[in-house]
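Data first, discussion second: the structure below is written as structure tokens.
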Amino acid sequence: MPTITLQPDEIAETRALLDDLAGRHASLEDEAFLNEADLAAHDLPRRVRRAVREFRLYEPASAMLIVRGWPVDEDRIGPTPVHWQQHGPENDTRQEDMLLLLLGSLLGAPIGWSTQQGGRVVHDLLPIKGHEHEQVGTGSEELITWHVEDAFHPYRGDYLGMMCLRNPDRVPTTFAPISKVNLPPDRMAVLASPHFVIRPDNSHLPRNGAGVNGRTPAEEALVSKAYHKIEQMCASPEHIPVLFGDPGAPYVRMDPYFMDPPEDPAARESFAELMREVDAALEDCVLEPGDVCFIDNYQAVHGRKPFKARYDGRDRWLKRINVVRDLRKSREARLSATSRVLY
Ligand SMILES: O=C(O)CCC(=O)C(=O)O
Ligand SMILES: [Fe+2]
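Residue numbers (my numbering): 431 to 773.
Next up, the structure:
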């Protein structure tokens, strides 16, 4: 995987930047921090900025970039929480959260979903008791089938960013760039036609994202409306192509676990062939503590192998963000021009 490894002087430079920001911002979820993030990101080391910028500009077919080597302080991040809602004072991950957001801001604007993890922009991927058999990032024993993140949604991220804090059992993330898929032009043409439907994935269900304290009644009403939209997308999903953009080097939009086989026989066969090609191209990618991994969500699918959770405070723990290149496109779903939360 294309990887850039932070050098000691770059780590020191980054730490000085993060210390300054942490001193001025109590929470990274505040608009005050998010509004400053893209400017502050200019103070990251130049070599790192160049690598992320080139990943955005040239859209390499490899579709993944790893920024490696941030020294995660085990004591400072504390034990892996039992739930994304239960960060205690012993879990100081502000430096890691900020670094992920700053790097993500070099690609676009990090966003959150009101229907996911309480509307937070930075998600926790950690195994939650009771989610063992759920097809969500907080599950464990269930394979997460490869997918485009939030494939069902027109405002899905252009990029997915994940930072690894802890992965003691070396549980692999799975990954395949669409460039590895080789299908004849007639198959590709069928896949680029609107034969397919994708229903919302389970991470947007009330049982996985709700129960958040401190919302005003007005916010609660908006979140209810957002859940209603998700229900509508479940009940009557629009018909879409799974390949789009340049026919010679297409972008991809699919999440087979939440798709039914299309009615049209040619579409059904083409999709089955596409799935076989992706399965054959799928690779394991073990994220190490301190790795920040960006996936081009238009050019690749990803998933996660099953694992046995420990529930002992040392469980696998990643942070995740979604990044859009153009925040404006979703303006009708956000409360203000600068708000990052989609309703
Ligand atoms: O845990 C991982 O490595 C990836 C999980 C995933 O696909 C997700 O949460 O969207
Ligand atoms: Fe995912």
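Built from N, CA and C at the ideal position, the CB exists for glycine as well.
Can you tell me whether DSSP reads residue i as helix, strand or coil?
{"i": "Asp-726", "result": "strand"}
{"i": "Gly-743", "result": "coil"}
{"i": "Ile-660", "result": "helix"}
{"i": "Thr-603", "result": "strand"}
{"i": "Lys-559", "result": "coil"}
{"i": "Ile-541", "result": "strand"}
{"i": "Thr-435", "result": "strand"}
{"i": "Arg-498", "result": "strand"}
{"i": "Asn-752", "result": "strand"}
{"i": "Arg-596", "result": "strand"}
{"i": "Leu-447", "result": "helix"}
{"i": "Leu-487", "result": "helix"}
{"i": "Glu-718", "result": "coil"}
{"i": "His-634", "result": "helix"}
{"i": "Gly-591", "result": "strand"}
{"i": "Tyr-585", "result": "coil"}
{"i": "Asp-473", "result": "helix"}
{"i": "Gly-733", "result": "strand"}
{"i": "Glu-713", "result": "strand"}
{"i": "Leu-621", "result": "helix"}
{"i": "Val-482", "result": "helix"}
{"i": "Asp-522", "result": "coil"}
{"i": "Leu-673", "result": "strand"}
{"i": "Leu-772", "result": "strand"}
{"i": "Asp-527", "result": "helix"}
{"i": "Val-551", "result": "coil"}
{"i": "Ile-608", "result": "helix"}
{"i": "Ile-574", "result": "strand"}
{"i": "Val-708", "result": "helix"}
Would you kindly work out how many angstroms separate the C-alpha atoms of residue i and residue j, rounded to a whole number?
{"i": "His-455", "j": "Arg-506", "result": "18 Å"}
{"i": "His-553", "j": "Phe-605", "result": "20 Å"}
{"i": "Ser-808", "j": "Val-497", "result": "No information on residue 808 is available, as it lies outside the stretch 431 to 773 that the chain covers here."}
{"i": "Pro-615", "j": "Pro-691", "result": "21 Å"}
{"i": "Phe-485", "j": "Glu-650", "result": "38 Å"}
{"i": "Glu-693", "j": "Val-716", "result": "37 Å"}
{"i": "Gln-565", "j": "Cys-723", "result": "21 Å"}
{"i": "His-583", "j": "Pro-647", "result": "26 Å"}
{"i": "Ser-766", "j": "Thr-435", "result": "37 Å"}
{"i": "Ser-492", "j": "Ile-670", "result": "25 Å"}
{"i": "Thr-545", "j": "Tyr-657", "result": "7 Å"}
{"i": "Leu-529", "j": "Leu-448", "result": "7 Å"}
{"i": "Leu-748", "j": "Glu-713", "result": "19 Å"}
{"i": "Asn-737", "j": "Thr-603", "result": "First, the residue type needs correcting, since residue 737 is Phe and not Asn in the sequence shown. C-alpha separation (whole angstroms): 11 Å."}
{"i": "Asp-468", "j": "Glu-699", "result": "44 Å"}
{"i": "Pro-490", "j": "Thr-568", "result": "30 Å"}
{"i": "Ser-654", "j": "Leu-635", "result": "11 Å"}
{"i": "Asp-726", "j": "Leu-590", "result": "7 Å"}
{"i": "Ala-665", "j": "Gln-525", "result": "41 Å"}
{"i": "Gln-515", "j": "Asn-638", "result": "11 Å"}
{"i": "Leu-451", "j": "Met-689", "result": "43 Å"}
{"i": "Glu-562", "j": "Arg-740", "result": "11 Å"}
{"i": "Glu-387", "j": "Glu-504", "result": "The question about residue 387 has no answer here: the residues shown for the chain are numbered 431 through 773."}
{"i": "Pro-598", "j": "Val-502", "result": "13 Å"}
{"i": "Glu-661", "j": "Gln-437", "result": "48 Å"}
{"i": "Phe-701", "j": "Phe-674", "result": "14 Å"}
{"i": "Leu-573", "j": "Gly-560", "result": "15 Å"}
Spatial neighbours of residue i within its chain, please: CB distance less than 7 Å, with the 5 preceding and 5 following residues excluded, ordered by chain position.
{"i": "Gly-743", "result": "Pro-509, Thr-510"}
{"i": "Tyr-488", "result": "none"}
{"i": "Ala-462", "result": "His-455"}
{"i": "Pro-475", "result": "Glu-440, Glu-443, Thr-444"}
{"i": "Thr-768", "result": "Glu-461, Asn-465"}
{"i": "Met-705", "result": "Pro-686"}
{"i": "Val-708", "result": "Trp-576, Ala-606, Val-611, Val-731"}
{"i": "Ile-608", "result": "Pro-680, Val-682, Gln-729, Ala-730"}
{"i": "Asn-632", "result": "Glu-564, Gln-565, Val-566, Asn-638"}
Below 6 Å CB to CB, which residues in the same chain sit around residue i once its five sequence neighbours on both sides are set aside?
{"i": "His-513", "result": "Ile-558"}
{"i": "Thr-523", "result": "Ile-507"}
{"i": "Pro-432", "result": "Ser-492, Leu-495"}
{"i": "Arg-755", "result": "Gly-538, Asp-588"}
{"i": "Trp-543", "result": "Leu-772"}
{"i": "Met-592", "result": "Cys-723, Leu-748, Arg-750"}
{"i": "Leu-652", "result": "Tyr-773"}
Would you grab the beta carbon distance between residue i and residue j for me? Rounded to a whole angstrom, and I think it's under 8 Å.
{"i": "Tyr-551", "j": "Arg-770", "result": "The question names Tyr, yet the displayed sequence has Val at residue 551. Contact flag correct, Cβ pair sits at about 6 Å."}
{"i": "Ala-711", "j": "Val-620", "result": "Not really, about 20 Å apart at Cβ, beyond 8 Å."}
{"i": "Ala-446", "j": "Ser-535", "result": "Contact doesn't hold; Cβ gap of about 18 Å is too wide."}
{"i": "Pro-719", "j": "Leu-595", "result": "6 Å"}
Can you list, in chain order, the residues of its chain whose CB lies under 8 Å from that of residue i, leaving out five sequence neighbours each side?
{"i": "Val-601", "result": "Val-716, Arg-734, Lys-735, Phe-737, Arg-746"}
{"i": "Ser-457", "result": "Phe-463"}
{"i": "Tyr-628", "result": "The amino acid at residue 628 is misidentified as Tyr; the sequence shows Ile. Closer than 8 Å at the Cβ level, and outside the excluded window around Ile-628, lie Ala-581, Phe-582, Pro-667, Ile-670, Arg-683, Met-684, Asp-685, Phe-688, Met-689."}
{"i": "Leu-555", "result": "Gly-567, Thr-568, Met-592, Arg-746, Trp-747, Leu-748, Lys-749, Arg-750"}
Measure from the C-beta of residue i to each C-beta in chain D and report whether the shortest distance is under 8 Å.
{"i": "Leu-772", "result": "Of the protein chains in this structure there is only one, and it is not chain D."}
Distance cut 7 Å, beta-carbon to ligand 2 heavy atom: residue list by chain order: Gly-567, Ile-574, His-577, Glu-579, Leu-590, His-732, Gly-733
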